[in-house]
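Protein sequences appear in the order of chains A and B. Here the working numbering is used: the first residue of the first sequence is -13, the next is one more, and so on. Here the working numbering is used: the first residue of the second sequence is 76, the next is one more, and so on.
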Amino acid sequence: MVETPTLPIHEVASEIPPAPRGTPAWLRQIIAFAIIAVALVAFWEGYKALGAATGGMIPLTAARLPVRPDDKSMPHVFDILAALFKPVQRGSENTLLSFLLRSALFTWREALVGFAIGSLVGFALGVVFVHSGLLERGLMPFVVASQTVPLLAVAPMVVIWGSRLQWPAWLAVTIISAYLTFFPVTINTLRGLRSPDPTALELMRSYAASDWQVLWKLRVPAALPYIFTALKISATASVIGAIIGELPSGIADGLGRSLLTFSYYYVSGPEKLYAAIFGAALLGIVFVVIIAQVERMVVPAGRRIE
Amino acid sequence: MSHSSPVVSVSGVTKVFGEGDSDRVRALENINLDVHPGEFISLIGPSGCGKSTLLRLIGDLIKPSGGTVQVNGKSAHQARLDRDYGMVFQQATLYDWRTVRKNVQLPLEVMSYAREKREARAQEMLKLVQLEEFSRHYPWQLSGGMQQRVAIARALAFEPSLLLMDEPFGALDEMTRERMQMELLRIWSQTQTTVIFVTHSIPEAVFLSSRAVVMSPRPGRLAGIVEIDLPRPRAFETRESAPFFEKIVEVRECLRRDEVRVASA
């Protein structure tokens, strides 16, 4: 068989979107964050200044401002920042900042283990469900029910069981954290594993690929953007789970106890509670940023859900 | 050609979708077809004639309700397990987390080729479809025509004896489509692969094929087979030659005769 001579092909690949010139992405992120932070501080202080001027009333009305603008309810941002560098209590050598950092790190360790366990369980459930409609139909209602039961009711039970089984206290906290973590991962993993087109699956069938190969070469890579979205939700949830878990388990070194203690002493030092809240928030942000970084390394730019 | 044993042998095949339901569809009825080594066969007909269904039966993506499909002297099922055929769909169906190179290697990974062999084959295939310089691009960075060429490279990477193509150029514009047809003929002549090509374009079927298998709908069946003995290599001039138009007329007549027969029945 003799065939046509080769023709030059003049097709142009669509342009790869050029990287924005000048400021790198991470710097733009920080600048945007800083602008919003400044705006929030300005709003907070502006609200206080307004309240001071009107005696706590909404201007031109007889209505009170929803939150009292005094220093007890809303300490100055500067006071909150200043409190970070003062001793955590009278006579202590530790500043509030180092105390909070240590508490946050402690809580994060629990959250991290809980997150890891919860994510693995969540992923495994997603994989099981995509292969077995029967198990999905049978188990899914329980999975959903597990998330509607209030964590405040579940946490003490886990702690009690844990102590009966002579677990170390942090393990119960970790389980509670995992309990809050696995659900979004299950739902999103399942969704992601089902996302390939029928033809993408038929292609694998035409290669006589095994279920295992279909899972790892098609379903899981296709699910990654979904899974990472879930991991970001779960990261914040794992921190909440760890903080709540610390309360009934009597762990004194984490953010949970700090938040509780500072809320007891709110009247004498409200800025400490606010500082602790920011500590918890910061922990969540750091966690999510780390996961976003991992996602950047694992998922090609064209596929990220952003 | 009839002396060699057929690559594909379809005999007495019927396919009913939704068997047992009141709204079951008789997609194919009593299909008999032999495809010989090195042939380029088009399955052509209006939508609903079952041409894609027939292709998918040959590829063992679905099972027939009756009759037998043999590929390389084996059952279609065994042929699929033996990786006897490559498949190209209307959508390129590239995995968009893989680069072009990695997409071409996908079947080789599934079939446990050694890494060096995979790299070498992918290189060779991308050269064949003239996309070497795009090996590290991602699918979404390529035009539709280029994506479809990657899909062809992927289908041929493991050297199947049979290439099944389901309206592969259906989503492309007319100009790209004609260029892709030339490309495909060049690749076909270089690889000696047997091709079964589903299309609803009469000029496409005539330009490409050695035989056009004309099908008609409700229920899907063979209306006739048109031998297309236009000289090869076929080129742009082929499309403007008198014999080309004669063959187009012949295929069209075949389709119309069947319509008339159905209408008068």
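Positions of the beta carbon are idealized from the N, C-alpha and C atoms, including for glycine. All values derive from a computational prediction rather than experimental measurement.
**Prompt:** Near glutamate 135 of chain A, what residues of its chain come up, given a Cβ to Cβ distance below 6 Å and the 5 sequence neighbours on each side ignored?
**Reply:** Translated into positions along the first sequence, residue 135 of chain A becomes position 149. Note on identity: in this sequence residue 135 of chain A is valine, with glutamate being the wrong assignment. So the list is empty, once near-sequence residues are dropped.
**Message:** Between A:Thr172, A:Thr175, A:Arg205, A:Ile173, which has its C-alpha nearest threonine 185 of chain A's C-alpha?
**Reply:** Here residue 185 of chain A refers to the residue found at position 199 when the first sequence is read from its first residue. The residue with the shortest Cα to Cα distance from threonine 185 of chain A is A:Arg205.
**Message:** Just to confirm my understanding: we take phenylalanine 214 of chain A, look at its own chain, exclude 5 residues before and 5 after, and list those with CB closer than 6 Å. What are they?
**Reply:** Within the first sequence, the letter at position 228 stands for residue 214 of chain A. Excluding positions up to five away in sequence, the list reads Glu281.
**Request:** Check whether the Cβ atoms of alanine 266 of chain A and leucine 70 of chain A sit closer than 8 Å, and answer yes or no.
**Result:** The sequence position of residue 266 of chain A within the first sequence is 280, counting from 1. The sequence position of residue 70 of chain A within the first sequence is 84, counting from 1. Against a cut-off of 8 Å, the Cβ pair of leucine 70 of chain A and alanine 266 of chain A comes out as no contact.
**Identified DSSP bridge partners for glutamate 122 of chain A** = If you number the first sequence from 1, residue 122 of chain A lands on position 136. Beta-bridge pairing links glutamate 122 of chain A to no other residue.
**Prompt:** What separation, rounded to the nearest whole angstrom, lies between the Cα atoms of proline 112 of chain B and serine 84 of chain B?
**Reply:** As a first step, residue 112 of chain B must be located in the second sequence, where it is residue number 37. As a first step, residue 84 of chain B must be located in the second sequence, where it is residue number 9. When rounded, the separation of the alpha-carbon atoms in proline 112 of chain B and serine 84 of chain B is 11 Å.
**Asked** With 8 Å set as the bound, which would you pick, yes or no: does the beta-carbon of arginine 289 of chain A sit closer than that to a beta-carbon of chain B?
**Response** As a first step, residue 289 of chain A must be located in the first sequence, where it is residue number 303. Chain B contact via Cβ: present.
**Request:** Please work out which residues of its chain come closer than 8 Å, Cβ to Cβ, to threonine 81 of chain A, disregarding the five sequence neighbours upstream and downstream, and give them in chain order.
**Result:** Position 95 of the first sequence, counting from 1, holds the residue named residue 81 of chain A. The answer, listed in chain order, is Leu70, Phe71, Lys72, Pro73, Val74.
**Message:** Which runs of the alpha helix (DSSP H) at least 4 residues long sit entirely within the stretch 168 to 228 of chain A? Give them in chain order.
**Reply:** Listed in chain order, the complete alpha helix (DSSP H) runs (minimum 4 residues) inside the stretch 168 to 228 of chain A are 184 to 192, 197 to 200.
**Request:** Run down chain A in chain order and give the residues with a C-beta less than 9 Å from the C-beta of valine 273 of chain B.
**Result:** For the purposes of this step, residue 273 of chain B is taken as residue 198 along the second sequence, with counting starting at 1. Ordered by position in chain A, no residue passes the 9 Å Cβ test against valine 273 of chain B, which lies about 14 Å from the chain.
**Message:** Please list, in chain order, the chain B residues whose beta carbon lies closer than 9 Å to that of leucine 201 of chain A.
**Reply:** If you number the first sequence from 1, residue 201 of chain A lands on position 215. Contact note: leucine 201 of chain A does not reach chain B at a C-beta cutoff of 9 Å; the least C-beta distance is about 12 Å.
**Message:** What residue range does the beta strand (DSSP E) around aspartate 98 of chain B cover?
**Reply:** For the purposes of this step, residue 98 of chain B is taken as the residue at position 23 of the second sequence. It is not in any beta strand (DSSP E) - aspartate 98 of chain B carries neither H nor E in the DSSP assignment.
**Request:** Consider the Cβ of proline 278 of chain B: report whether some Cβ of chain A lies at a distance smaller than 8 Å.
**Result:** Taking the second sequence and counting its residues from 1, the one referred to as residue 278 of chain B is at position 203. By this cut-off, proline 278 of chain B is not an interface position.
**Asked** If you pair each beta-carbon of the stretch 162 to 175 of chain A with each one of the stretch 135 to 153 of chain B, do three or more pairs fall below 8 Å?
**Response** Not touching, per the Cβ criterion.
**Prompt:** What is the rounded straight-line gap between the Cα of glutamate -3 of chain A and the Cα of alanine 216 of chain A?
**Reply:** Indexing the first sequence from 1 puts residue -3 of chain A at position 11. Indexing the first sequence from 1 puts residue 216 of chain A at position 230. Summary for glutamate -3 of chain A: the model assigns pLDDT 46, below 50, so the residue's position carries little reliability; its value from the coordinates is reported in the next sentence. Their Cα atoms are separated by approximately 39 Å.
**Item:** Inter-residue spacing [alpha-carbon to alpha-carbon] between cysteine 329 of chain B and glycine 299 of chain B
**Value:** Here residue 329 of chain B refers to the residue found at position 254 when the second sequence is read from its first residue. Here residue 299 of chain B refers to the residue found at position 224 when the second sequence is read from its first residue. Going by the C-alpha atoms only, they are around 7 Å apart.
**Asked** In whole angstroms, what is the alpha-carbon distance linking tryptophan 30 of chain A and threonine 167 of chain A?
**Response** As a position in the first sequence, residue 30 of chain A is number 44, starting the count at 1. As a position in the first sequence, residue 167 of chain A is number 181, starting the count at 1. If I take the Cα positions, the gap works out to 33 Å.
**Runs of alpha helix (DSSP H) lying entirely within the stretch 118 to 198 of chain B, each at least 4 residues, in chain order** = 126 to 133, 151 to 156, 175 to 185
**Request:** State the Cα-Cα distance for the pair threonine 222 of chain A and alanine 38 of chain A, rounded to the nearest angstrom.
**Result:** Indexing the first sequence from 1 puts residue 222 of chain A at position 236. Indexing the first sequence from 1 puts residue 38 of chain A at position 52. About 36 Å.
**Item:** Beta-carbon neighbours of alanine 209 of chain A, restricted to chain B and to distances below 7 Å
**Value:** What you label residue 209 of chain A is simply residue 223 of the first sequence in a count that begins at 1. By Cβ distance, chain B contributes nothing, its closest Cβ being about 10 Å from alanine 209 of chain A, past 7 Å.
**isoleucine 146 of chain A vs glycine 231 of chain A beta-carbon contact at 8 Å** = Numbered from its first residue, the first sequence carries residue 146 of chain A at position 160. Numbered from its first residue, the first sequence carries residue 231 of chain A at position 245. Cβ distance not < 8 Å, so isoleucine 146 of chain A and glycine 231 of chain A don't count as in contact.
**Item:** Spatial distance of valine 100 of chain B from glutamate 321 of chain B (CA atoms)
**Value:** Translated into positions along the second sequence, residue 100 of chain B becomes position 25. Translated into positions along the second sequence, residue 321 of chain B becomes position 246. Approximately 35 Å between the Cα atoms of the pair.
**Prompt:** Taking buried to mean at least 16 other C-beta atoms within 10 Å of its own C-beta, is isoleucine 17 of chain A buried or exposed?
**Reply:** For this step, residue 17 of chain A is matched to residue 31 along the first sequence. So isoleucine 17 of chain A ends up on the exposed side.
**Request:** Could you tell me which uninterrupted beta strand (DSSP E) segments, each at least 3 residues in length, are contained entirely in the stretch 201 to 246 of chain B, listed from first to last along the chain?
**Result:** 237 to 241
**Message:** Measuring straight from C-alpha to C-alpha, what distance separates alanine 167 of chain B and valine 88 of chain B?
**Reply:** Within the second sequence, residue 167 of chain B is the residue found at index 92, counting from 1. Within the second sequence, residue 88 of chain B is the residue found at index 13, counting from 1. When rounded, the distance between both Cα atoms is 29 Å.
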